[in-house]
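This report concerns only the one structure given below.
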Amino acid sequence: MNELERFVELAIKAHGEPAPAIDVTARVLRDIRQAVGGEGINPPLLIFSGLSLLAASIVAVLAIQSWEVLADPLSGLFDSLTMVMQ
Amino acid sequence: MATSPSALETATGSTGQGAIAADEAGPLDWQEIRGSLRGDGEAFARLVRRYQQTMAAYLWRFSRDRGQCEELVHDVFVEAYLGLRNFRGEAPLLHWLRKIATRVGYRYWRRRARQRAEASARIQEWDRAARAEADVLDAAEAAAALHAVLERMSARDRLVLTLMYLEGCSVAEIAELSGWSATMVKVQAHRARARLKKLLTAAEETAMSQP
């Protein structure tokens, strides 16, 4: 009998090997509870979101102020001509 | 499990309605799956108790250390829970669990690959088993001898040889469990057998050259 044949013979014999009795139920449930229930507010993400909102607010305020003082872009040209003609 | 349904649904997706066919999953499994997806921890606990010993017997092929085997079984069920919404019910739940277990076990072997002993080193368990009469050895001794040989092989070789010879899987079954094509399984098996023969021959020569 060569080595491979011996290997196969032992493998057939090993088919019936029982495994030790185990119980992982409690640990699985505990770890799942932590994995699923542990998802909450992410502080770094919250801080970054707050800073982005603040920056966007500042830009919005400046934009509104700029809009309010916005004049006709060609009015400056006509003002100069009017002055000359006068 | 004190998990709110919304948190559970976030983790596992929708309630799973329509994703699982009752006639494929088996009525009892199907009940537990639906319960688990609704956030019923006891339903998933029943699934774990139903299949954990079967998973242990399978993962015992991947590690003969009791603590490590328990760890692998634990990992299988955690992965199963987190991916439960992906279970389509096209095959029995046990088949799906075995695929996860194969992946978990294979990953474990790959992590341990660095610790593999030199191939030419004497394999004492194999020496004893190779010389003993077939009926003298019990199943555990036979398995220990094979394990001592297989842990000297690459994860890929070990997987195909374990599934083919220790689990008695067909090429099609190995392909399904491993995610490989049937052609790849055949090629891998051929190469693994050649490397196994070389390993056993080298071990035999080492044994003969030593007292």
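Protein chains in written order, with the numbering used here: chain R, 48 to 133; chain X, 13 to 223.
Ideal Cβ placement from N, Cα and C applies to all residues, glycine included.
Here the structure is a predicted model, which means the values were calculated and not measured.
- Query: Roughly how far, in whole angstroms, is the beta-carbon of Ala-151(X) from the beta-carbon of Ala-61(R), given that I think they are within contact range, below 8 Å?
  - Reply: 5 Å
- Using beta-carbon positions only, say whether Glu-179(X) and Arg-78(X) come within less than 8 Å of one another. no
- Query: In chain order, what residues of the segment 84-110 of chain X put their CB closer than 8 Å to some CB of chain R?
  - Reply: Taking a C-beta cut-off of 8 Å against chain R, the contacting residues of the segment 84-110 of chain X are Val-85, His-86, Phe-89, Val-90, Tyr-93, Leu-94, listed in chain order.
- Query: Under the rule that 16 or more other beta-carbon atoms within 10 Å means buried, what is Thr-114(X), buried or exposed?
  - Reply: buried
- Inspect the CB distances between the segment 39-48 of chain X and the segment 84-91 of chain X and report whether three or more fall short of 8 Å. no
- Item | Beta carbon proximity, Ser-132(X) to chain R, threshold 8 Å | Model confidence at Ser-132(X) stands at a pLDDT of 49, short of 50, so the residue's coordinates are unreliable; what they give is reported in the following sentence. Closer than 8 Å: no.
- N-terminal and C-terminal residue of the alpha helix (DSSP H) that Pro-39(X) is part of: 39-49
- Task: Run the CB neighbour count on Trp-114(R), radius 10 Å, all protein chains shown included, and call it buried at 16 or more, exposed below.
- Result: exposed
- Item | Nearest-angstrom beta carbon gap, Ala-157(X) and Ala-141(X) [assumed within contact, 8 Å] | 3 Å
- chain X within 8 Å of Leu-51(R), Cβ atoms only: yes
- Using the C-alpha atoms, what's the distance from Leu-189(X) back to Leu-171(X)? Cα-Cα distance, rounded: 10 Å.
- Task: Helix, strand or coil for Cys-181(X), going by three-state DSSP, please let me know.
- Result: coil
- Please go through the same chain and pick out, in chain order, the residues whose beta-carbon is closer than 7 Å to the beta-carbon of Phe-179(R), but skip the five residues on each side of it. Only positions 48 to 133 of chain R appear in the structure, and residue 179(R) is not among them; the question remains open.
- Task: Whole angstroms is fine: what's the gap from Gln-104(R)'s alpha carbon to Val-60(X)'s?
- Result: According to the sequence as given, residue 104(R) is Ser; it is not Gln. Cα to Cα, the separation comes out at about 52 Å.
- Message: Since Met-165(X) and Leu-212(X) should fall inside the 8 Å C-beta cutoff, what is the C-beta to C-beta distance between them, to a whole number of angstroms?
- Response: Contact between Met-165(X) and Leu-212(X) is ruled out by a C-beta separation of about 11 Å, above the 8 Å threshold.
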